[in-house]
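Undergrad: Line order of the protein sequences matches chains A and B.
For the first sequence, position 183 matches number 267 in the working numbering, and the numbering has no gaps at all.
For the second sequence, position 2 matches number 86 in the working numbering, and the numbering has no gaps at all.
A virtual CB, placed ideally from N, CA and C, is assigned to each residue, including glycine.
In this text, all values refer to a predicted model and were calculated from it rather than measured experimentally.
Got a structure here, written out as structure tokens. Questions coming.
Protein chains: 2
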Amino acid sequence: MAEPQAKSSARAQRNNRATTVHLRLRKEIVSGHFPQGSALAEPTLAEHFHTSRAPVREALIALEREGLVSFEKTGRTKVRTIAAKDLREIMEARAALESMAARLANWNWTTADTDFVAKNIEQQTKAGSFAELSRLDMDLHHYVVTCSGNLRLLQLWEPLRWQYEAYLVEIFKRRSADDYRPETETVLAHRKLLAALSTGKPDEAAQVMMDHVLFNISWAD
Amino acid sequence: MAEPQAKSSARAQRNNRATTVHLRLRKEIVSGHFPQGSALAEPTLAEHFHTSRAPVREALIALEREGLVSFEKTGRTKVRTIAAKDLREIMEARAALESMAARLANWNWTTADTDFVAKNIEQQTKAGSFAELSRLDMDLHHYVVTCSGNLRLLQLWEPLRWQYEAYLVEIFKRRSADDYRPETETVLAHRKLLAALSTGKPDEAAQVMMDHVLFNISWAD
DNA sequence: GGCATCAGAAGTGTCGACACTTTAAACCCA
DNA sequence: TGGGTTTAAAGTGTCGACACTTCTGATGCC
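Rendered as structure tokens:
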């Protein structure tokens with residue numbers, strides 16, 4: 085029923101250049117095109133996006149509030165560095181929000197939702213890399229948060245997602261692609277979550293989600 | 085030990101006019117000076133704050149991301165209206181974050197923290213109005229979130245606080261100040277929370293906080 | 001009077017400009 | 001050559017300007 089892929093964001097966007105720059109720059113940061121700690125000068129970005137400084141400036145403000153960009157005391161702007169200490173904060177906050185989301189998603193859970201999640205988990209078992217599994221994992225978690233029906237939960241969650249993905253990209257840079265082993269722990273947790281949701285057990289769904297997300301604090305280096 | 089009143093915000097602010105306008109405008113919205121749904125035109129605000137449109141525009145972007153201001157499809161800006169449906173979302177999100185915060189606060193809880201909270205609860209029993217009790221209540225919850233030691237939790241929580249306070253102001257406008265009865269439910273819940281925190285029971289603290297915040301969904305009109 | 005139309009007012013989106021601050025490089029002297 | 005100093009380059013904060021869009025209310029027609 086719900087189709088979270090349709091809306092790219094929980095927020096009703098103005099369709100101006102600032103929004104375009106915001107989305108494009110976010111994508112470039114999360115994909116690792118701008119490495120963490122690198123400078124983000126307004127004139128340079130303005131040239132890069134073929135616009136003036138005003139839209140760039142607005143985009144930077146939005147990105148700072150999403151936690152992807154940091155304003156230094158000197159006034160300069162940099163891509164925010166997300167370290168292990170930050171990962172703990174991110175995952176604790178994710179656990180809090182997603183646990184509540186899983187509980188709420190239970191109320192309007194349909195067989196279509198079960199199908200979507202089941203298909204996603206099936207794909208996870210066939211994933212051939214960390215990157216692919218991560219993408220499927222985030223899709224699944226995003227789906228559950230969307231199914232909560234609570235837009236604010238989604239709006240609070242999205243920045244945590246970008247930050248987490250930005251962190252993952254840095255990890256993937258250092259980790260070789262060869263030593264990938266299927267993440268049986270992750271798939272198992274997702275199966276338990278789906279079981280709880282499809283059989284209408286909100287407390288269990290919340291608990292499984294909480295443990296599953298917090299477990300990943302130790303997982304990611 | 086922790087002194088949450090010292091820092092007014094979890095975010096390292098740039099000290100420019102945009103930040104000043106942001107903070108002042110937020111205060112005016114939350115205090116009810118700008119009624120919900122009223123127009124926020126950039127030239128008018130620029131004159132009001134004795135500045136140009138640029139800082140005003142930046143402040144509006146930040147406030148939109150805090151959920152206090154909404155950009156209409158036409159491009160115009162308004163003070164966001166927070167209705168009963170929004171209150172449910174706000175309280176569910178607060179419950180998620182504060183429950184986690186209570187759990188985390190347990191790890192580094194000190195007797196000084198116990199003293200602070202106990203003193204706050206003591207003042208609550210002497211409160212003479214909804215407004216005064218609400219202020220003490222939010223101070224207490226803010227304190228717990230700060231004690232979690234998770235800055236992201238605090239950054240996600242603060243906008244929910246502003247939205248909740250903006251909602252309360254509207255309620256107070258309609259409700260007479262005379263029919264105030266001490267909120268024994270609230271005080272009781274806070275006592276239970278303090279008991280759990282001061283005796284080192286994270287699960288219980290998290291559960292008490294969760295139930296306490298969700299209970300308020302029905303309380304506020 | 002009621003309703004559509006249309007001009008003027010008001011507002012947003014974007015730009016370039018300029019003062020002030022921070023950074024980087026060139027320079028000088030030992 | 002090396003370290004401190006000066007100077008130019010680059011960046012931020014703020015402003016006013018202007019084109020385009022949206023609103024408002026005055027006008028005219030029925």
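Could you tell me the distance, in whole angstroms, from the CA atom of Glu126 (chain A) to the CA atom of Gly212 (chain B)?
TA: Mapped onto the first sequence, residue 126 (chain A) falls at position 42. Mapped onto the second sequence, residue 212 (chain B) falls at position 128. Cα to Cα, Glu126 (chain A) sits roughly 52 Å from Gly212 (chain B).
Undergrad: Give the C-beta separation of Leu124 (chain A) and Thr158 (chain A) to the nearest angstrom, bearing in mind that I take them to be a contact with Cβ-Cβ under 8 Å.
TA: Translated into the one-based positions of the first sequence, residue 124 (chain A) becomes position 40. Translated into the one-based positions of the first sequence, residue 158 (chain A) becomes position 74. 13 Å between Cβ atoms; not a contact.
Undergrad: Looking only at C-alpha atoms, which of B:Gln97, B:Gln291, B:His117, B:Glu269 sits nearest to Tyr251 (chain B)?
TA: Indexing the second sequence from 1 puts residue 251 (chain B) at position 167. Selected option, being the one with the closest Cα: B:His117.
Undergrad: Determine, for Ile174 (chain A), whether the minimum Cβ-Cβ distance to residues of chain B falls below 8 Å.
TA: As a first step, residue 174 (chain A) is located in the first sequence; it is residue number 90 there, counting from the start. At least one chain B Cβ lies under 8 Å of Ile174 (chain A).
Undergrad: Considering only the beta carbon of each residue, do Val253 (chain B) and Thr209 (chain B) sit closer than 8 Å?
TA: What you label residue 253 (chain B) is simply residue 169 of the second sequence in a count that begins at 1. What you label residue 209 (chain B) is simply residue 125 of the second sequence in a count that begins at 1. Against a cut-off of 8 Å, the Cβ pair of Thr209 (chain B) and Val253 (chain B) comes out as no contact.
Undergrad: Using the three-state DSSP reduction, which class does Ser183 (chain B) fall into: helix, strand or coil?
TA: Along the second sequence, one-based indexing puts residue 183 (chain B) at 99. It is helical.
Undergrad: According to DSSP, is Thr158 (chain B) helix, strand or coil?
TA: Sequence index remark: in the second sequence, residue 158 (chain B) carries index 74 (1-based). Thr158 (chain B): coil per DSSP, three-state reduction.
Undergrad: Bridge partners of Val153 (chain B), per DSSP?
TA: Here the question's residue 153 (chain B) lines up with position 69 in the second sequence. Answer is B:Val163.
Undergrad: Go ahead and label Ser232 (chain B) buried or exposed: buried means 16 or more other beta carbons lie within 10 angstroms of its beta carbon, across all protein chains shown.
TA: The residue you call residue 232 (chain B) lines up with position 148 of the second sequence. By the neighbour-count rule (16 or more Cβ atoms within 10 Å), Ser232 (chain B) is buried.
Undergrad: Under 8 Å between C-beta atoms, does Leu129 (chain B) make it to chain A?
TA: The count along the second sequence starts at 1 and reaches residue 129 (chain B) at position 45. It does not: the Cβ of Leu129 (chain B) has no partner Cβ on chain A nearer than 8 Å.
Undergrad: Since Leu235 (chain A) meets chain B, which of its residues come closer than 8 Å, beta carbon to beta carbon?
TA: Residue numbering aside, residue 235 (chain A) sits at position 151 when the first sequence is read from its first letter. Within 8 Å Cβ-Cβ: Glu173.
Undergrad: Report the option in A:Arg265, A:Glu242, A:Ser218 whose CA atom is closest to the CA atom of Asn300 (chain A).
TA: Here residue 300 (chain A) refers to the residue found at position 216 when the first sequence is read from its first residue. For the residues A:Arg265, A:Glu242, A:Ser218, the minimum Cα distance to Asn300 (chain A) belongs to A:Ser218.
Undergrad: Would Leu238 (chain B) pass as a contact of Ala94 (chain B) if the rule is Cβ separation under 8 Å?
TA: On the second sequence, position 154 is the one that residue 238 (chain B) refers to. On the second sequence, position 10 is the one that residue 94 (chain B) refers to. Contact: yes.
Undergrad: Can the beta-carbon of Leu240 (chain B) be found closer than 8 Å to that of Ala202 (chain A)?
TA: In the second sequence, residue 240 (chain B) corresponds to position 156, counting from 1. In the first sequence, residue 202 (chain A) corresponds to position 118, counting from 1. Contact: no.
Undergrad: With 16 as the cutoff for other CB atoms within 10 Å, does Ile255 (chain B) come out buried or exposed?
TA: Taking the second sequence and counting its residues from 1, one reaches residue 255 (chain B) at position 171. It is exposed - the Cβ of Ile255 (chain B) has fewer than 16 other Cβ atoms within 10 Å.
Undergrad: Pick out the complete alpha helix (DSSP H) segments inside the region 211-264 of chain A, 4 residues or longer, and give them in chain order.
TA: For the region 211-264 of chain A, whole alpha helix (DSSP H) runs of length 4 or above, ordered along the chain, are 214-231, 235-258.
Undergrad: Can you tell me the Cα-Cα spacing of Ile145 (chain B) and Thr283 (chain A), whole angstroms?
TA: Locating residue 145 (chain B) in the second sequence gives position 61, counting from the first residue. Locating residue 283 (chain A) in the first sequence gives position 199, counting from the first residue. Near 42 Å, if we compare the C-alpha coordinates of Thr283 (chain A) and Ile145 (chain B).
Undergrad: Taking the alpha carbon of Gly121 (chain B) as the point to measure from, which residue in B:Glu156, B:Thr103, B:Arg101 has its own alpha carbon closest?
TA: Along the second sequence, read from residue 1 onward, the residue named residue 121 (chain B) stands at position 37. Selected option, being the one with the closest Cα: B:Glu156.
Undergrad: In this structure, what does DSSP give as the bridge partners for Ala123 (chain A)?
TA: Numbered from its first residue, the first sequence carries residue 123 (chain A) at position 39. DSSP output for Ala123 (chain A) lists A:Lys162 as bridge partner(s).
Undergrad: If you follow the alpha helix (DSSP H) that Phe299 (chain B) is in, where does it begin and where does it stop?
TA: Numbered from its first residue, the second sequence carries residue 299 (chain B) at position 215. 286-303 is the extent of the alpha helix (DSSP H) around Phe299 (chain B).
Undergrad: Check whether chain B comes within 8 Å of Glu142 (chain A), counting only Cβ atoms and requiring the distance to be less than that.
TA: As a working mapping, residue 142 (chain A) is identified with position 58 in the first sequence. True, the Cβ-Cβ gap to chain B drops below 8 Å.
Undergrad: What is the DSSP secondary structure of Glu267 (chain A), counted as helix, strand or coil?
TA: Translated into the one-based positions of the first sequence, residue 267 (chain A) becomes position 183. Correct three-state label for Glu267 (chain A): coil.
Undergrad: May I have the straight-line CA-CA distance separating Asn192 (chain B) from Asp199 (chain B), to the nearest angstrom?
TA: Position 108 of the second sequence, counted from the start, is the residue given in the question as residue 192 (chain B). Position 115 of the second sequence, counted from the start, is the residue given in the question as residue 199 (chain B). Near 14 Å, if we compare the C-alpha coordinates of Asp199 (chain B) and Asn192 (chain B).
Undergrad: Can you say whether Ser134 (chain A) is buried or exposed, counting buried as having 16 or more other CB atoms within 10 angstroms of its CB?
TA: Walking along the first sequence from the start, residue 134 (chain A) turns up at place 50. The residue asked about is misnamed: residue 134 (chain A) is His in this sequence, not Ser. Exposed is the call here.
Undergrad: When the Cα atoms are used, what is the spatial distance from Asp223 (chain B) to Thr268 (chain A)?
TA: Position 139 of the second sequence, counting from 1, holds the residue named residue 223 (chain B). Position 184 of the first sequence, counting from 1, holds the residue named residue 268 (chain A). The straight-line gap from Cα to Cα measures roughly 44 Å.
Undergrad: What's the gap between the Cα of Leu281 (chain A) and the Cα of Ala273 (chain A)?
TA: The count along the first sequence starts at 1 and reaches residue 281 (chain A) at position 197. The count along the first sequence starts at 1 and reaches residue 273 (chain A) at position 189. Computed Cα separation, rounded: 12 Å.
Undergrad: Quick check: what's the CA-CA separation for Arg265 (chain B) versus Gln207 (chain B)?
TA: Walking along the second sequence from the start, residue 265 (chain B) turns up at place 181. Walking along the second sequence from the start, residue 207 (chain B) turns up at place 123. Taking the straight line from one Cα to the other gives about 15 Å.
Undergrad: Could you check whether Arg236 (chain B) and Glu173 (chain A) sit closer than 8 Å to each other, using their CB atoms as the reference points?
TA: Numbered from 1 along the first sequence, position 89 holds the residue referred to as residue 173 (chain A). Numbered from 1 along the second sequence, position 152 holds the residue referred to as residue 236 (chain B). Cβ atoms of Glu173 (chain A) and Arg236 (chain B): closer than 8 Å.
Undergrad: With distance defined between alpha-carbon atoms, name the residue in B:Tyr248, B:Ala180, B:Arg258 nearest to Gln291 (chain A).
TA: Residue mapping note: residue 291 (chain A) aligns to position 207 of the first sequence, counting from 1. Closest by alpha carbon: B:Ala180.
Undergrad: Please say whether Ala130 (chain B) and Arg137 (chain B) have beta carbons closer to each other than 8 Å?
TA: Position 53 of the second sequence holds residue 137 (chain B). Position 46 of the second sequence holds residue 130 (chain B). Yes, they are a contact pair.
Undergrad: Using 8 Å as the limit for Cβ to Cβ distance, is Ile69 (chain B) near chain A?
TA: Nothing about residue 69 (chain B) can be reported from this structure: the residues present for chain B run from 85 to 305 only.
Undergrad: Can you give me the Cβ contacts of Ile113 (chain B) inside the same chain, cut-off strictly under 7 Å, excluding the 5 residues immediately before and after it?
TA: Within the second sequence, the letter at position 29 stands for residue 113 (chain B). These residues qualify, in order along the chain: Leu152, Val163, Ala250.
Undergrad: What in chain A is Cβ-close to Ala186 (chain B), meaning under 7 Å?
TA: Within the second sequence, the letter at position 102 stands for residue 186 (chain B). What Ala186 (chain B) touches in chain A: nothing, since even the nearest Cβ is about 10 Å away.
Undergrad: For Ala102 (chain A), count the other beta carbons within 10 Å of its own beta carbon; 16 or more makes it buried, fewer makes it exposed. Which is it?
TA: Position 18 of the first sequence holds residue 102 (chain A). Ala102 (chain A) comes out buried.
Undergrad: From B:Ala167, B:His106, B:Ala279, B:Ala168, pick the residue whose C-alpha is nearest to that of Arg141 (chain B); which is it?
TA: The residue labelled residue 141 (chain B) in the question sits at position 57 within the second sequence. For Arg141 (chain B), the nearest C-alpha among the options comes from B:His106.
Undergrad: Hey, does Phe133 (chain B) have any beta-carbon neighbour from chain A nearer than 8 Å?
TA: Start at 1 with the first residue of the second sequence, and residue 133 (chain B) comes out as number 49. Not closer than 8 Å to any Cβ of chain A, the Cβ of Phe133 (chain B) fails to qualify, so no.
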